[in-house]
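Residue numbers (our numbering), protein chains in the order written: chain S, 1 to 371; chain L, 1 to 168; chain W, 1 to 157.
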C-alpha cells in the first residue's frame, strides 16, 4: 500500500509482522514523544482469496476453505456458510443436529475468548504465566473436540443438512466434568486479572469509545457491547438451538478496556451454562438430512448472519443453478473493528505503551479480516 | 570455506589430530542441536497449534526450542501456515538477516505445496523463495508431528554440519 | 429506545414519502429489504435512510460481476439498532468504466470496503479520501481478481 505522507514533526514507527505482540499485520504509528497522533493499519499479509476459491468448489466442498478462515474460532464461521448454503439448497435440519451445533459453537467461543485473555495478559507486560495457563485450559476443550469429531482445530463437523458425527458413549458426563473444571479455573483468572490493582491501573479509563461513536464507526461484538449497546446475533436472528436455551446478553457501561475484558469474562460464564444445559436436555433423533454432494441449487441469493467470537459475521451467497455458487461474499467482524482501532487515536488519548493493551481489547484476528 | 581448509591443513600435520577434529565436531553438533531458536513469526492459520506446542502439555522448550524476538540471535525460521505474496517477501528479508548457520522448517500443508488453497491467486509455496530443510505435513499438523519434525532437524544438525559452514 | 420498526411498515412509509428517488423497494427474505437506487440519487437516498429512518450502522459493502448482462452491481449492507431487519442497498453500474460517488460522506466506515472493492473489481469511487489498495501486495501487476474474466495477470514470474 502506498503510505500517506508524514507530517514534519512526527516520528513514524513501523510495528511489523515480525513482532511477538503484533500478529500477522503491520501497523504504522505516528507519534510525538509518547502520544500517538495517527494509526494506519496495513492489512493483507494473510490474504488467500477465499472468495475466488469458493467459486471453484461445489457447495459442499466449500466447507473446507471456510473452516480454515479463522482457526481459533472455527465453528462460528463455519455455521455462517452452512446456514446460507442450506437456505440456498432448501434443506431442513433435524432438531438434535441444532443442539449439537450449539454445543460445538459455544466450545469454540470459549476457546477464542481464552486466546484473547492470554494475549491481553501478555500485553500488559507481566503475565506470560497466564498465557501458558490458557494453553492448558484449551487442551481440555481440544480433547473434547477430538473425541467428538476426530480433529483438534479444523474439524469440518458442520455440513449442509446437519452434523457429521454423533456423541460417543458417555460424552454427556465428560462435558459436565469439563464445565466444572473450567468454572473453578475461571475464579483464578478473575482474581489474577480483573481484581488485580496493577491490571486496573493499566486498563481503567484507557481508550474510551462512546456509544454513539461505536455505532457510527461500525463496531461489533464485545467492542460494541463494552460500550453499553446490546446487539447480539444469537438474539436478533436465532439460529441453531439458541431460541430454546436460557441465556442473556452481556453489556458493560464503562466503555474502556476493562469493560471489554469483563464482557468476555461474563460471556464465558454464559457459554458454560449453555454447555451444561445442552448436555442435560439434548433431544434424541437423527443428525443429518442426506442430499447429493453434487446438488444444484436453484437461482437466487441468501444472507445468513451469525455471532462470531469477535462480532457479527454475514455470508451472502448467490447461486445460479449449477453445482458451484456464483459468488460468495463474506463480511467479517475484524475488518469493521480495525476501522474503529484506526480512529481511536483521534477519539481519546493513547500513548505508545498503551497500544498492545488497546489492540488486544478489540481482539482482531487478521486471518478473517483478510480472508 | 578458506578458514576450514587452512585449519584442516595445519591440524593434519599434527599426529592424532583426527581424534581432536571429531571431538570438536561432536561438541559443536551437540550444542547446536539442543538450542535451536526460531524467530517469533507466524504467517497463517496454523499458529494456534504452534502456541499449543510451546504451551504446557507438549512443551517444546524442553528440547531447547525457544521462540525469540530479535532476528540476529536466531538460527531457524519456522514458517507456520499459509504464506501469501506480501508475507513471502518478508520471510525472505528475515532469512537474509539471520546469521549462518541457519535452517528453515515448513510447518503445515500450505507452505509445502499450497494446501487447500491450491488454485488461489495469492498463495505461494515457500520453497520458491528460501531453501527448506524439513517439511512437516498436516492441516494443521498434530503437536507430536511438529516435535517429530524438529527432532529430525536435530539429527540433521548432528550428522551433517562441519565447523559451522553450510555444506551444499 | 423506541419500539422496533417492522419491515412492512418501513416499506409502506418509504414508498409513500420517497418512492420517486429510488427505483424499487422489495423484500427478498423474511428479514431483509432490498432497495435499488438510481445512480444519480445514490447519495441523496442514502442520507434519507440514515437521517430519517435511523440506519446508522454500516455492516459492509461488496460488488458482483455479471459479464453476460454487461453490468456490475455494488451492494451496501446497513443496519439499525432499533429494527429487526437489514437493508441491502444496491446500485447498478456499467461494466466498461464503472464509477460511483463514494458513500464515505454518509457512513465513514465504508472506507475500507470501498478500497477493497476498488482493487478487486476496478470500480472507481469519486471523492474517496484514500483510495489505495488494502489487501493486495504493492507490486501487483494489474488485473482485477474477482472479475469473472480474470486470467491471473497480476501474478509475477
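Here a beta-carbon is modelled for each residue, glycine too, at the ideal position from N, C-alpha and C.
### Task
Run the CB neighbour count on residue 127(W), radius 10 Å, all protein chains shown included, and call it buried at 16 or more, exposed below.
Looking at its Cβ environment, which holds fewer than 16 other Cβ atoms inside 10 Å, residue 127(W) is exposed.
### Message
Closer than 8 Å between beta carbons: that is the criterion. Which residues of the segment 24-54 of chain W meet it against chain S?
### Response
28, 29, 31, 32
### Task
Count the other CB atoms, across all protein chains shown, that sit within 10 Å of the CB of residue 100(W); report buried if there are 16 or more and exposed otherwise.
buried
### Query
Can you list the beta strand (DSSP E) stretches of 3 or more residues lying completely in the segment 51-97 of chain L, in chain order?
76-80
### Message
Which of the three DSSP states is assigned to residue 323(S) in this structure?
### Response
Here residue 323(S) sits in coil by DSSP.
### Message
For the segment 29-55 of chain L, list every residue whose C-beta sits within 7 Å of some C-beta in chain S, in sequence order.
### Response
39, 40, 41, 42, 43, 44, 45, 48, 49, 51, 52, 55
#### Entry: Contact set for residue 35(L): own chain, Cβ-Cβ below 7 Å, skip 5 residues either direction
64
### Query
Relative to the alpha-carbon of residue 359(S), which residue among 109(S), 133(S), 117(S) has its alpha-carbon at the smallest distance?
Residue nearest to residue 359(S) within the set 109(S), 133(S), 117(S) is 117(S) (criterion: CA-CA distance).
#### Entry: Alpha-carbon to alpha-carbon, residue 145(L) and residue 6(L)
42 Å
### Query
Should residue 142(W) be flagged as near chain L, meaning a C-beta pair shorter than 8 Å?
no
### Task
List the residues of chain C whose Cβ lies closer than 8 Å to the Cβ of residue 142(L), in chain order.
Of the chains in the structure shown, none is chain C; the protein chains are S, L and W.
### Candidates 88(L), 46(L), 129(L), 120(L), of which the one nearest residue 139(L) by Cα
46(L)
### Task
May I have the straight-line CA-CA distance separating residue 198(S) from residue 87(W), to the nearest angstrom?
45 Å
### Message
According to DSSP, is residue 35(W) part of a helix, a strand, or is it coil?
### Response
strand
### Message
In this structure, how does DSSP classify residue 118(L) when only helix, strand and coil are distinguished?
### Response
Annotated three-state conformation of residue 118(L) is coil, per DSSP.
### Task
Would you kindly check if the distance between the Cβ of residue 88(S) and the Cβ of residue 287(S) is under 8 Å?
It is not a contact, given that the beta carbons lie outside the stated cut-off.
### Task
Note down, in chain order, every chain W residue with its Cβ under 8 Å from the Cβ of residue 318(S).
64
### Query
Under a CB-based cut-off of 8 Å, is residue 2(W) close to chain S?
At residue 2(W), the pLDDT of 44 sits below 50, so the modelled position is not reliable; the number obtained from the coordinates is stated separately. Cβ-Cβ to chain S under 8 Å: no for residue 2(W).
### Message
So residue 57(L) contacts chain W; which residues on that side make the cut at Cβ distance below 8 Å?
### Response
Correct list: empty, because the minimum Cβ distance to chain W is about 36 Å.
### CA-to-CA distance, residue 119(W) to residue 74(W), given in whole angstroms
14 Å
#### Entry: Limits of the alpha helix (DSSP H) - the one that residue 233(S) falls within
233-236
### Task
Using only alpha-carbon positions, find the residue among 59(L), 38(L), 90(L), 62(L) that is nearest to residue 68(L).
The residue among 59(L), 38(L), 90(L), 62(L) with its C-alpha nearest the C-alpha of residue 68(L) is 38(L).
### Task
Report buried or exposed for residue 250(S), applying the criterion of at least 16 other Cβ atoms within 10 angstroms of its Cβ.
The residue is buried, with at least 16 neighbouring Cβ atoms inside 10 Å.
### Query
What residue range is occupied by the uninterrupted alpha helix (DSSP H) comprising residue 174(S)?
171-189
### Query
residue 81(W) CB to nearest chain S CB: under 8 Å?
yes
### Query
Going straight from the alpha carbon of residue 168(L) to that of residue 133(L), what length do you get?
Confidence is the limiting factor: at residue 168(L) the pLDDT is only 46, short of 50, which leaves the residue's position unreliable, though a coordinate-based value still follows. If you take the alpha carbons of residue 168(L) and residue 133(L), they lie about 12 Å apart.
### Task
Please state if the CB of residue 189(S) and the CB of residue 109(W) are separated by a distance shorter than 8 Å.
no
### Query
For residue 45(S), which of helix, strand or coil comes out of DSSP?
coil
### Message
On the DSSP bridge list, what partners appear for residue 75(W)?
### Response
62(W), 90(W)
### Message
Beta-carbon within less than 6 Å of residue 166(L)'s beta-carbon, same chain only, minus the 5 sequence neighbours each way: which residues are those?
### Response
Here residue 166(L) scores only 45 on pLDDT, less than 50, and its place in the model is too uncertain to base an answer on.
### Task
Rank 123(L), 153(L), 143(L), 124(L) by C-alpha distance to the C-alpha of residue 135(L) and give the top, closest one.
153(L)
### Query
In the DSSP assignment, what residue or residues form a beta bridge with residue 316(S)?
303(S), 329(S)
### Message
With H, G and I counted as helix, E and B as strand and the rest as coil, what does DSSP make of residue 30(L)?
### Response
Secondary structure at residue 30(L): helix, using DSSP grouped into helix, strand and coil.
### Query
Counting contacts by CB-CB distance shorter than 8 Å, is residue 137(W) in contact with chain L?
yes
### Query
In or out: residue 30(L) buried (at least 16 other Cβ within 10 Å) or exposed?
exposed
### Task
Determine the closest residue to residue 94(S) out of 324(S), 160(S), 306(S), 330(S), with distance taken between C-alpha atoms.
160(S)
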